[in-house]
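What follows is a set of notes on a single structure, which appears directly below.
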Amino acid sequence: MKTNWRPKLGDKFIRRPRAKAHPLRRAIGSFGLFSAGYGNVGSSIYYALGLVALIALGATPIVLLIAGIFFIFTALSYAEGTAMMPEAGGSASFARRGFNDLFGSITGWALAFSYIVTIAISSYTAPAYLGYFWQPLTEPVTGTLAAMGIIFFLMCLNIIGVKQSSILNTFFALLDVITQIIIILLAILFIFAPHPEIFSHNVIGNWPSASGLILGIAIATLAYTGVETVSQLSEEARHPAITAPRALILLIAVVMILFSGISVAAFSTMTPTEMALEWARDPIAGIAYGLSIAIVPEEIATGLSSSPAGIIVITAFFGGILKLLPILVAVLATSILIIATNAGLMGISRLTFSLGRFQLIPLLFSRVHHKFETPYRAIILFSSVAILLLIPGFFKPETFVILGGLYVFGSLLAFSLAHASILRLRIRHPELSRPFKLRLNIKIKGYELPVTAILGLVFSSAIWLTIVTTQPYARWVGLGWMALGLITYFIFRHRKKLPLIRVAPEAKLPVD
Numbered sequence: 010m011k012t013n014w015r016p017k018l019g020d021k022f023i024r025r026p027r028a029k030a031h032p033l034r035r036a037i038g039s040f041g042l043f044s045a046g047y048g049n050v051g052s053s054i055y056y057a058l059g060l061v062a063l064i065a066l067g068a069t070p071i072v073l074l075i076a077g078i079f080f081i082f083t084a085l086s087y088a089e090g091t092a093m094m095p096e097a098g099g100s101a102s103f104a105r106r107g108f109n110d111l112f113g114s115i116t117g118w119a120l121a122f123s124y125i126v127t128i129a130i131s132s133y134t135a136p137a138y139l140g141y142f143w144q145p146l147t148e149p150v151t152g153t154l155a156a157m158g159i160i161f162f163l164m165c166l167n168i169i170g171v172k173q174s175s176i177l178n179t180f181f182a183l184l185d186v187i188t189q190i191i192i193i194l195l196a197i198l199f200i201f202a203p204h205p206e207i208f209s210h211n212v213i214g215n216w217p218s219a220s221g222l223i224l225g226i227a228i229a230t231l232a233y234t235g236v237e238t239v240s241q242l243s244e245e246a247r248h249p250a251i252t253a254p255r256a257l258i259l260l261i262a263v264v265m266i267l268f269s270g271i272s273v274a275a276f277s278t279m280t281p282t283e284m285a286l287e288w289a290r291d292p293i294a295g296i297a298y299g300l301s302i303a304i305v306p307e308e309i310a311t312g313l314s315s316s317p318a319g320i321i322v323i324t325a326f327f328g329g330i331l332k333l334l335p336i337l338v339a340v341l342a343t344s345i346l347i348i349a350t351n352a353g354l355m356g357i358s359r360l361t362f363s364l365g366r367f368q369l370i371p372l373l374f375s376r377v378h379h380k381f382e383t384p385y386r387a388i389i390l391f392s393s394v395a396i397l398l399l400i401p402g403f404f405k406p407e408t409f410v411i412l413g414g415l416y417v418f419g420s421l422l423a424f425s426l427a428h429a430s431i432l433r434l435r436i437r438h439p440e441l442s443r444p445f446k447l448r449l450n451i452k453i454k455g456y457e458l459p460v461t462a463i464l465g466l467v468f469s470s471a472i473w474l475t476i477v478t479t480q481p482y483a484r485w486v487g488l489g490w491m492a493l494g495l496i497t498y499f500i501f502r503h504r505k506k507l508p509l510i511r512v513a514p515e516a517k518l519p520v521d
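The numbering of the sequence shown is our numbering, which starts it at 10 and goes up by one.
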């Protein structure tokens with residue numbers, strides 16, 4: 010029926026605002042996302058270099074480069090997925106949309122495991138750097154107790170709801186980049202350039218066995234964390250379709266340059282055996298110490314200046330840097346590793362929210378505290394598991410390698426499923442908007458499939474299988490964790506009368 014009614018100028022229309030699907034405030038830009046991601050990647054070099062040297066010996070620089078190439082493939086897959094689905098679930102969201110809820114739950118549970126191990130391994134290595142100021146922290150019992158104390162303290166902070174500042178992330182990221190550039194320049198200019206034979210001897214003369222090389226490549230993937238952090242934070246980013254891919258590409262460039270340089274600096278200042286035996290948990294401290302021993306400020310000064318005054322100034326300048334560097338590394342490494350531990354706890358919080366919202370885990374894990382508005386149950390549970398993983402630190406010298414294997418188990422499983430999900434989404438939902446679309450595609454049955462995602466899937470799956478077959482502790486603990494997750498998922502969905510495989514509706518998260 011037609012009507013002649015028209016609104017008058019004085020009429021007011023009040024429309025009830027709709028509840029937003031994304032209640033998180035979008036306030037983080039490209040550099041904020043990069044800083045958060047680099048906080049994880051930057052922290053990993055403080056322990057990954059020593060862990061890789063334990064296994065790959067002189068091949069460590071080559072191994073890091075090979076793992077870095079496949080890190081590029083992973084970061085590119087995350088760039089396409091995050092730009093397409095800027096949600097806090099990260100690869101779990103890719104899997105849920107690309108496959109179904111069962112795959113989403115498996116990916117989310119693997120991600121939770123990698124976050125837990127990140128919490129454990131970051132806290133475990135922080136006391137080793139603090140040992141510069143108090144030597145007992147380098148001992149197994151004292152160091153492990155300190156690591157457990159760090160986790161417990163940060164658990165309490167996260168329950169209360171203390172937020173990590175994006176400005177703080179940016180400050181430490183910049184300070185870390187500057188410090189590593191100083192280390193690289195000192196090593197290359199004053200050790201590697203005049204004596205390249207030292208580096209080549211340390212690499213070629215300490216080449217590992219074939220099995221050590223393969224396992225070294227697997228463990229080296231530990232050095233390239235951080236892509237999941239960017240994806241998790243995309244729900245809080247401004248224009249995530251643009252800022253997230255930009256942050257990931259910047260992360261690729263900075264990480265590859267710094268890691269290549271720091272591995273050259275490492276084997277220009279010490280042998281692989283020295284790093285593996287003396288500096289495994291604090292390799293960057295070992296490099297700083299090696300620089301202070303190998304570089305003689307007076308020799309540099311006489312080579313740069315002929316005047317007595319110039320020699321005095323240059324000697325004092327380089328002498329001051331070499332004295333300050335070990336202190337700076339100890340303070341900076343400890344700070345970044347504690348921030349990485351906290352980032353793991355915050356990642357667990359975001360992941361729990363996302364998995365609970367899509368009913369991929371029981372809602373009791375996602376219950377929010379009525380006062381602090383944090384998922385306190387999940388924080389307590391996952392922090393407790395991280396503390397339990399540190400118990401071998403009291404009596405097992407190989408705890409460091411064990412934690413590395415556990416991390417690779419969880420992260421590589423999640424990365425494999427992320428690559429598979431990107432490929433599946435190209436087939437199942439080619440119509441979806443892809444603000445960042447991977448190039449270099451091949452056509453299979455009319456579908457455009459990115460070569461980088463295919464190679465990333467093959468590499469991630471192969472490395473994951475390598476860890477499963479060669480690391481008994483990682484195999485049984487990791488598979489046990491995944492079995493527990495599947496059992497929990499099936500019981501929860503059955504009791505809620507939800508489909509076991511098909512996508513379930515979103516749920517309202519409960520508040521205690």
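Just so you know, even glycine gets a beta-carbon here, dropped at the ideal spot from N, CA and C.
By the criterion of a C-beta distance shorter than 7 Å, residue 211 is surrounded in its chain by 67, 276, 280 and 281, once the five residues flanking it on both sides are discounted. Looking at the DSSP output, residue 251 sits in no beta bridge, so it has no partner there. Straight-line spacing of the CA atoms in residue 184 and residue 359 works out to 27 Å. Within the region 229 to 293, complete beta strand (DSSP E) segments of at least 3 residues are not found at all. Considering only 249, 123, 336 and 371, the residue with the shortest C-alpha distance to residue 502 is 371. Fewer than three Cβ pairs drawn from the region 90 to 109 and the region 323 to 336 lie within less than 8 Å of each other, which leaves the two stretches out of contact. By the Cβ test, the region 447 to 462 is not in contact with the region 392 to 407, since fewer than three Cβ pairs between them sit closer than 8 Å. With 16 or more other CB atoms across the displayed protein chains lying within 10 angstroms of its CB, residue 241 is buried. Excluding its 5 nearest sequence neighbours in each direction, residue 136 has C-beta neighbours in its own chain below 7 Å: 146, 152, 155 and 156, listed in chain order.
Between residue 196 and residue 274, the C-beta gap is smaller than 8 Å, which places the two residues in contact. Contact between residue 45 and residue 238 holds: CB atoms are separated by about 5 Å, below the 8 Å threshold.
A Cβ-Cβ distance of about 26 Å is found for the pair residue 365 and residue 256, leaving them out of contact under the 8 Å criterion. In the structure shown, the three-state DSSP call for residue 454 is coil. About 11 Å separates the beta carbons of residue 323 and residue 315, which is beyond the 8 Å limit, so they are not a contact pair. Within the same chain, 509 come within 7 Å of residue 499 by CB-CB distance, once the 5 residues on both sides are set aside.
Counting only unbroken stretches of 3 or more residues, no beta strand (DSSP E) element lies wholly within the region 399 to 442. The Cβ-Cβ distance between residue 56 and residue 290 falls below 8 Å. Taken atom to atom, the span from the alpha-carbon of residue 130 to that of residue 301 is near 28 Å. Sequence-distant Cβ neighbours of residue 422 in its own chain, meaning closer than 7 Å and more than five residues away, are 119 and 473. For residue 387 and residue 491, the gap between their C-alpha atoms comes out near 17 Å.
Shown here for residue 428: same chain residues with a beta carbon closer than 8 Å to its own, the five before and five after excluded, namely 82, 83, 86, 462, 463, 465, 466 and 469 in chain order.
Exposure of residue 144 is indicated by the presence of fewer than 16 other C-beta atoms within 10 angstroms of its C-beta.
The residue from 278, 219 and 187 with its alpha-carbon nearest to that of residue 51 is 187. Listed in chain order, the alpha helix (DSSP H) runs fully inside the region 332 to 406 are 385 to 398, counting runs of at least 4 residues. Inter-segment contact for the region 223 to 234 and the region 412 to 422 is present: three or more beta-carbon pairs are separated by less than 8 Å. The count of Cβ pairs closer than 8 Å, one atom from the region 443 to 456 and one from the region 478 to 487, stays below three, leaving the stretches out of contact. Note on the region 184 to 231: there is no whole beta strand (DSSP E) run with a minimum of 3 residues. Around the beta carbon of residue 435, 16 or more other beta carbons lie within 10 angstroms, which makes this residue buried.
Sequence-distant Cβ neighbours of residue 410 in its own chain, meaning closer than 7 Å and more than five residues away, are 60 and 63. By the C-beta density criterion, residue 103 is buried, having at least 16 other C-beta atoms within 10 angstroms. Under the Cβ criterion (8 Å, minimum of three pairs), the region 345 to 360 counts as touching the region 162 to 169. In the same chain as residue 433, and ignoring 5 residues on each side of it, the C-beta atoms closer than 7 Å to its own belong to 107 and 108, in chain order.
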